[in-house]
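K.L.:
If you scroll down you'll find the structure; I have some questions about it.
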Amino acid sequence: EVDWFSLASILFLLMFAPLIVYYFIMSCDQYQCSLIDPLIDLFTGNKHLSDIWNKTPTLTYKAVAIYTLWVAFQVVLYLFIPDFCHRFLPGYVGGIQEGAVTPAGVVNQYEINGLQAWIITHVLWFANAYYFHWFSPTVIFDNWIPLLWCANILGYAVSTFAMIKGYFFPTNAKDCKFTGNFFYDYMMGIEFNPRIGKWFDFKLFFNGRPGIVAWTLINLSYAAKQQELYGQVTNSMILVNVLQGIYVLDFFWNEAWYLKTIDICHDHFGWYLGWGDCVWLPYLYTLQGLYLVYHPVQLGTANAIGILMLGLIGYYIFRMTNHQKDLFRRTNGNCKIWGKKPEYIECSYMSVDGTKYYSKLMTSGFWGWARHFNYTGDLMGSLAYCLACGFEHILAYFYIVYMTILLTHRCIRDEHRCFSKYGKDWKRYTAAVPYRLIPGIF
Ligand code: NDP
4 EVDWFSLASI
14 LFLLMFAPLI
24 VYYFIMSCDQ
34 YQCSLIDPLI
44 DLFTGNKHLS
54 DIWNKTPTLT
64 YKAVAIYTLW
74 VAFQVVLYLF
84 IPDFCHRFLP
94 GYVGGIQEGA
104 VTPAGVVNQY
114 EINGLQAWII
124 THVLWFANAY
134 YFHWFSPTVI
144 FDNWIPLLWC
154 ANILGYAVST
164 FAMIKGYFFP
174 TNAKDCKFTG
184 NFFYDYMMGI
194 EFNPRIGKWF
204 DFKLFFNGRP
214 GIVAWTLINL
224 SYAAKQQELY
234 GQVTNSMILV
244 NVLQGIYVLD
254 FFWNEAWYLK
264 TIDICHDHFG
274 WYLGWGDCVW
284 LPYLYTLQGL
294 YLVYHPVQLG
304 TANAIGILML
314 GLIGYYIFRM
324 TNHQKDLFRR
334 TNGNCKIWGK
344 KPEYIECSYM
354 SVDGTKYYSK
364 LMTSGFWGWA
374 RHFNYTGDLM
384 GSLAYCLACG
394 FEHILAYFYI
404 VYMTILLTHR
414 CIRDEHRCFS
424 KYGKDWKRYT
434 AAVPYRLIPG
444 IF
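Numbered by this note's numbering, the letters in the sequence shown go through residues 4 to 445 in order.
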């Protein structure tokens, strides 16, 4: 059942999320990243909506060509080049891997080759920038708004296709979820793991490839633009590139682990993931770099080191917490966490076909400090990206505000799901680990 609050939030997002993205990008393009000035202009009658709209770059053939090539290239890398990285990178898990058990009891196989796609894409990018010169490294920045229209077209097309597919030709009918509410189903998705053919998995491709591979390229394009405009790249831009680069590389290094995260394990594929991965992620997760093109902040050494430390400690907590759970689950508790055998709570649950399964919830390591300490580390890293931009404009801080809302909402959503899955066992767990994000506070 869809409660009124979920429905209201969904309608709000469907209506306003595309506008929010447009507003942020437009305010950089036309107002030097000020979020207030466009409103002042509109309220004082200095400008009309049509003035702003008329100044907005439109869809161009060039952007369509770039975007089509980009997505097609990522499809080729995803579908046709089996992973070779796991053959020579010690510790890297790639190639064919299994996902988690779906509610209908299915275990999907995935070709994990995201790291390889990222490496090939970036090698070509640098080869072009320093050797071939087929296109300018600033190409993404220079076509940023026309590309936004392309990303929206793909985002809406794929979400609409996923909805139609869910009704008429689902990959696995037993793993479909129909609430009867059109907007909810469109937003949160019907099919659990929509696929075309055996290997083209919508969730893995759209979550990882066009958006997250692009993330680091977009930042590089911003750095190149700073170089072009000011003759230098500021240390804040380098910090943003490095810290977000670590986050992106971590994602691809751990792509097999990612199969066990909420996005793949629990969420259905709808507009939330389809449009979100095509538009929201590449456009709003990269706002710091965009801001720094318009405001090239040069940080003092102490500030730069402080921000770097915050980002690295946040990353360490994020990675170690995720690693501890992964190790614990992979070894079924037969491992060491901080040098000791982990403590845990035994729990059980039923799948839709009535089969009973057993699981364990760890209460050791970071998982004994708080129930989502991985989110806390993620938030520390996010804050570091924002701080690198100084305090002049609020726009650069959107990311930490958004991540706080996203991850707090995710905590609540996940705990609601875990409670319905594990029942009283989940209650025993929350009694043993009473805090969600910050021990002693929340
Ligand atoms: P988690 O990795 O925290 O996974 C939650 C699931 O883990 C629960 O549903 C439960 O699943 C299991 N679990 C919960 N508690 C325990 C425990 N004590 N011991 C063992 N298993 C437990 O959440 P996400 O998948 O949301 O996040 C993964 C990472 O991705 C996080 O670090 C997050 O910060 C990051 N992330 C980043 C985003 C971004 O946009 N940058 C967006 C979303 C996530 P089960 O049913 O198996 O028991």
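In this text, a Cβ means the ideal position worked out from N, Cα and C, and glycines have one as well.
Treat the numbers as computed from the prediction; the structure is a model and nothing was measured.
Say yes only if the C-beta of V216 is nearer than 8 Å to one or more non-hydrogen atoms of the ligand NDP, and no if none qualify.
P.N.:
No - the ligand NDP has no heavy atom lying nearer than 8 Å to the Cβ of V216.
K.L.:
Short of 6 Å in beta carbon distance, which residues of its chain neighbour K206, apart from the five on each side in sequence? Order them along the chain.
P.N.:
Contacts found: I267 and F272.
K.L.:
Answer yes or no: do Y187 and L10 have a C-beta to C-beta separation smaller than 9 Å?
P.N.:
Yes, these two residues count as a Cβ contact at 9 Å.
K.L.:
Using a Cβ-Cβ cutoff of less than 8 Å, which residues in the same chain neighbour F369 once the five nearest sequence positions on both sides are dropped?
P.N.:
So the list reads I320, M323, T324, Q327, F376 and N377, once near-sequence residues are dropped.
K.L.:
For K168, which of helix, strand or coil comes out of DSSP?
P.N.:
In the structure shown, K168 sits in a helix (DSSP, three-state: H, G or I).
K.L.:
Can you tell me whether R198 is buried or exposed? The criterion is at least 16 other CB atoms within 10 Å of its CB, across all chains shown.
P.N.:
Its Cβ being crowded by 16 or more others within 10 Å, R198 is buried.
K.L.:
Does the stretch 333–350 touch the stretch 359–367, meaning 3 or more C-beta pairs lie closer than 8 Å?
P.N.:
Touching, yes, given that three or more Cβ pairs across the two stretches are closer than 8 Å.
K.L.:
Under 8 Å from any heavy atom of the ligand NDP, does the C-beta of T324 make it?
P.N.:
Yes - the ligand NDP has a heavy atom lying nearer than 8 Å to the Cβ of T324.
K.L.:
Among the residues of its own chain, which have a CB less than 7 Å from the CB of F208, if the five just before and after it don't count?
P.N.:
Closer than 7 Å at the Cβ level, and outside the excluded window around F208, lie Y81.
K.L.:
Any idea if K228 is buried or exposed, counting beta-carbon neighbours within 10 angstroms, 16 or more meaning buried?
P.N.:
K228 is buried by the Cβ-count criterion.
K.L.:
Return helix, strand or coil for F369, following the three-state DSSP convention.
P.N.:
Of the three classes helix, strand and coil, the one that applies to F369 here is helix, per DSSP.
K.L.:
Determine the direct distance from the alpha carbon of D270 to that of A107, and round the result to whole angstroms.
P.N.:
About 14 Å.
K.L.:
Roughly how many whole angstroms lie between the Cα atoms of Y405 and A217?
P.N.:
Near 20 Å, if we compare the C-alpha coordinates of A217 and Y405.
K.L.:
Runs of 4 residues minimum, wholly inside the stretch 188–229: which ones carry the alpha helix (DSSP H) assignment?
P.N.:
Listed in chain order, the complete alpha helix (DSSP H) runs (minimum 4 residues) inside the stretch 188–229 are 205–211.
K.L.:
Leaving out five residues on either side along the sequence, give the residues of the same chain with a beta carbon under 6 Å from the beta carbon of W274.
P.N.:
Same-chain partners within the cutoff: S162, Y189 and M190.
K.L.:
Express the C-alpha separation of P173 and L284 in angstroms, rounding to a whole number.
P.N.:
For L284 and P173, the distance between alpha carbons rounds to 26 Å.
K.L.:
Within 10 Å of its beta-carbon, does Q301 have 16 or more other beta-carbons around it, so buried, or fewer, so exposed?
P.N.:
Exposed.
K.L.:
Rounded to whole angstroms, what is the Cα-Cα separation between G357 and D178?
P.N.:
Rounded to whole angstroms, G357 to D178 spans 14 Å at the Cα level.
K.L.:
Report the residue from I55, E231 and K65 whose alpha carbon sits nearest the alpha carbon of P299.
P.N.:
Cα-wise, what sits closest to P299 is E231.
K.L.:
Taking all protein chains shown into account, do 16 or more other C-beta atoms lie within 10 angstroms of the C-beta of V126, making it buried, or fewer, making it exposed?
P.N.:
The residue is exposed, with fewer than 16 neighbouring Cβ atoms inside 10 Å.
K.L.:
Just checking, does the stretch 72–90 make contact with the stretch 102–120 on the three C-beta pairs under 8 Å criterion?
P.N.:
Yes, since at least three Cβ pairs between the stretch 72–90 and the stretch 102–120 fall closer than 8 Å, the two stretches touch.
K.L.:
Does the Cβ of N377 lie closer than 8 Å to at least one heavy atom of the ligand NDP?
P.N.:
Within the cutoff, so yes.
K.L.:
Using only the heavy atoms of the ligand NDP, determine whether one of them is closer than 8 Å to the beta carbon of D266.
P.N.:
Yes.
K.L.:
With DSSP as the reference, label S179 as helix, strand or coil.
P.N.:
Looking at the sequence itself, residue 179 is Cys, so the reference to Ser does not match. Three-state DSSP puts C179 in a strand.
K.L.:
My assumption, with CB atoms under 8 Å, is that M29 sits in contact with I55. Please give the rounded CB distance.
P.N.:
Indeed they touch by this definition, with Cβ atoms about 7 Å apart.
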